[in-house]
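29 is the number of the first residue of the sequence shown in the working numbering; add one for each residue after it.
Ideal Cβ placement from N, Cα and C applies to all residues, glycine included.
Each remark here refers to the structure printed beneath this line.
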Amino acid sequence: VVLATSTYDWDPDLVREFLGLDEEDFSSLAPTSVSGAGITMARKVGAAVALVPPTSIPIVPGWAAHNDTGVSNGPEYALPHCMMVDSSGRRFCDDSYWVGIVRGALAPGDRHLPFYLIWDEQHHLKYGLGLTPPGGDYPSDIVRSAPTLEALGDLLGINGEALSATAARFNEGAREGLDPEFGRGTVRFVQRFCGDPAHHPSPVLGPIDTAPFYGTRLKFVGTGIGSSGLHADGQGRVLDEAGRPIVGLYAVGSVAALTAMGSGYNSGFALSRGLTVARFVAAELSGSQQEQGQSCARTN
29 VVLATSTYDW DPDLVREFLG LDEEDFSSLA PTSVSGAGIT MARKVGAAVA LVPPTSIPIV
89 PGWAAHNDTG VSNGPEYALP HCMMVDSSGR RFCDDSYWVG IVRGALAPGD RHLPFYLIWD
149 EQHHLKYGLG LTPPGGDYPS DIVRSAPTLE ALGDLLGING EALSATAARF NEGAREGLDP
209 EFGRGTVRFV QRFCGDPAHH PSPVLGPIDT APFYGTRLKF VGTGIGSSGL HADGQGRVLD
269 EAGRPIVGLY AVGSVAALTA MGSGYNSGFA LSRGLTVARF VAAELSGSQQ EQGQSCARTN
């Protein structure tokens, strides 16, 4: 049996077990068929799972949306005139870079959930959000708006006084294109591919100082690229809890855990390991079948 059923994005129990995230903090852009079925079936015959730390998982921040998946993701959080905070009203990471956001929000013993995107009218007029074009009307059940940051905090369940103070500190550096606290704008990839090249002095930083102010609760978004999953060896053989191959059971692609490389958001890794291991498995199975055929021929 060869399992090629992908990862667990749409199984809330596995998401909770592997990531420690409930449904209000996690969704996915993957097809709903990415449901962890292969993992669940293999565990029933003694397969082991390998756990990857949640801070290393290939997920990105996103927000609720009125579309077929109910969630959206885009570069808006890396554009000027916005920041991320937790419910205390304070920042906790380089909030322009998804790797830093995951590490900051899911840090062991110091999680920052729920977390929110905060932006101002400048961001609204220039960039919009998801399906809402620049200057368009945001869905009122997804985005909240207020004339002050303190009032916005009250609407979102954030400490409004702390939120206002955080924005004031953020704005001091943002006007100069700097973020001395968390280094927003220092990752070259984000500058080049996610920021606004027409905005100066930084394509990623701008003050949040123009009313009205906006905010929405964020969630992490899966992309169908696995992290934790079945424990398989380099030949694709699924292992039991003692590390022994389960005869006749193989795992190819994202149904198997990321154990052979560093993890991160890179679809090339998912594709290349799936193709490579699938070839190993196919070679082993075809070899076994050929040997069996030769044995039968000799017997006859």
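LEU206 - DSSP class collapsed to helix/strand/coil: Coil, per DSSP.
Terminal residues of the beta strand (DSSP E) in which TYR278 lies: Segment 273 to 279, the beta strand (DSSP E) holding TYR278.
Buried or exposed (CB count within 10 angstroms, at least 16 for buried), VAL29: exposed
Proximity below 9 Å, CB of TYR166 to CB of HIS152: yes
Buried or exposed (CB count within 10 angstroms, at least 16 for buried), GLY281: buried
Identity of the residues DSSP links to ASP148 by a beta bridge: PHE241
CB contact flag (ASP53, ASP148, <9 Å): Result no, Cβ atoms of ASP53 and ASP148 do not sit closer than 9 Å.
Start-end ranges of the beta strand (DSSP E) lying completely within the region 42 to 81, minimum 3 residues: 54 to 56
Contact under 9 Å by Cβ, GLY257 with TYR36: Yes; because the gap between Cβ atoms is below 9 Å, this pair is in contact.
Extent of the continuous beta strand (DSSP E) run through VAL266: 265 to 267
contact_flag[the region 210 to 219, the region 114 to 129] where n(CB pairs < 8 Å) is 3 or more: yes
Closest Cα partner of SER56 within the set GLY164, ALA284, LYS247 and THR304: LYS247
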